[in-house]
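Reading through the structure tokens given below for one structure.
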Amino acid sequence: MKKLFRLIAVAIMGVSLTTGVAAAQSADVDTTGPNSTVRIDFREEYTARVNNSTDARLNLSNDQFSQSGSAISTRNTTGGGATTGDAENENEVEVEAEIHNSSSNSAVFSSNSTDRNDASVSNTGPDSRVDIIFRDSTDVRVSNDTNIVVSNDNVQTAVTGDATVSRNTSGGDAETGSATNTTSSRLQLHVRN
Numbered sequence: 006m007k008k009l010f011r012l013i014a015v016a017i018m019g020v021s022l023t024t025g026v027a028a029a030q031s032a033d034v035d036t037t038g039p040n041s042t043v044r045i046d047f048r049e050e051y052t053a054r055v056n057n058s059t060d061a062r063l064n065l066s067n068d069q070f071s072q073s074g075s076a077i078s079t080r081n082t083t084g085g086g087a088t089t090g091d092a093e094n095e096n097e098v099e100v101e102a103e104i105h106n107s108s109s110n111s112a113v114f115s116s117n118s119t120d121r122n123d124a125s126v127s128n129t130g131p132d133s134r135v136d137i138i139f140r141d142s143t144d145v146r147v148s149n150d151t152n153i154v155v156s157n158d159n160v161q162t163a164v165t166g167d168a169t170v171s172r173n174t175s176g177g178d179a180e181t182g183s184a185t186n187t188t189s190s191r192l193q194l195h196v197r198n
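The sequence shown lines up with residues 6 to 198 when you count with this note's numbering.
Pasting the structure below:
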């Protein structure tokens, strides 16, 4: 008997963004009087928080039992052959788990698109002061918590029956079958954060 399990767990990400997507800002000051003070202050703040929490659990349990019947030839004048059948267990398990959090992380960084800011001051009076300040602050925090637990429990038993030839004038052959246990496991885990 062959069993094939395939698990593709694509984690659904939780994205929490606190952001002001900045558009282009401009300021134009034209013609000021003497001893003027002109101050242009551009402030942009970008804050992003990404918390990816993924729990993937896979529990596989395979309990198999196989037993052939008994073949008995007794109390005959001429004994015949007694043969039992084969007892065989076979198990194959393939698990593939894929967890992708990279799309949520890249979405945070791509959303911080700051356009060009522009400021101009012209025709100021004598002894004037002009200050133009550009401030850009970016704070990005990404937290990835991924837990993968795979449990594979495989119990197999194969028992052949008894083949008996006894108390005959001429004894024949007695033959039992073979007992076979086969198992195969393949696990692949892919995590992309």
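Just so it is clear, CB atoms sit at the ideal spot from N, CA and C, and this is done for glycine as well.
N- and C-terminal bounds of the beta strand (DSSP E) containing residue i
| i | result |
| --- | --- |
| N128 | That residue, N128, is in no beta strand (DSSP E); it is neither H nor E in DSSP. |
| R121 | No beta strand (DSSP E) contains R121, which DSSP labels as neither H nor E. |
| Q193 | 184–197 |
| A102 | 92–105 |
Closer than 9 Å to chain B by CB, residue i
| i | result |
| --- | --- |
| E93 | Of the protein chains in this structure there is only one, and it is not chain B. |
7 Å CB neighbourhood of residue i in its chain, flanking five on each side removed
| i | result |
| --- | --- |
| D132 | P39, N40 |
| I153 | A61, A102, L194 |
| N149 | N57, N106, N198 |
| D35 | S127, N128 |
| S121 | Just to set this straight, residue 121 is Arg in the shown sequence, not Ser. Same-chain partners within the cutoff: A29. |
| L192 | V100, V155 |
| V135 | V43, V126, T129 |
| A163 | S71, A92, E93, N94, A184, T185, N186 |
| N157 | L65, V98, S190 |
Residues that residue i bridges to, as DSSP identifies them
| i | result |
| --- | --- |
| D144 | T52 |
| S175 | T83 |
| A32 | A124 |
| S78 | V170 |
| S41 | According to DSSP, which records beta bridges pairwise, S41 is partnered with nothing at all. |
| S58 | D150 |
| T88 | E180 |
| T162 | F70 |
Chain-order list of residues whose beta-carbon lies under 6 Å from that of residue i (same chain, five-residue window excluded)
| i | result |
| --- | --- |
| G130 | T37, G38, P39, S41 |
| G166 | S73, G74, S75, T89 |
| R197 | H105, S107 |
| N67 | N96, N159 |
| T181 | T89, T165, A168 |
| R172 | T79, R80 |
| I45 | A32, A124, I137 |
| Q69 | N94, Q161 |
Residues near residue i by beta carbon distance below 8 Å, same chain, minus five either side
| i | result |
| --- | --- |
| A87 | A76, I77, S78, A168, T169, V170, G177, D178, A179, E180 |
| R140 | D46, F47, R48, E49 |
| field | Inter-stretch contact (C-beta, 8 Å, three-pair minimum) for the segment 92–102 and the segment 187–194 | value | yes
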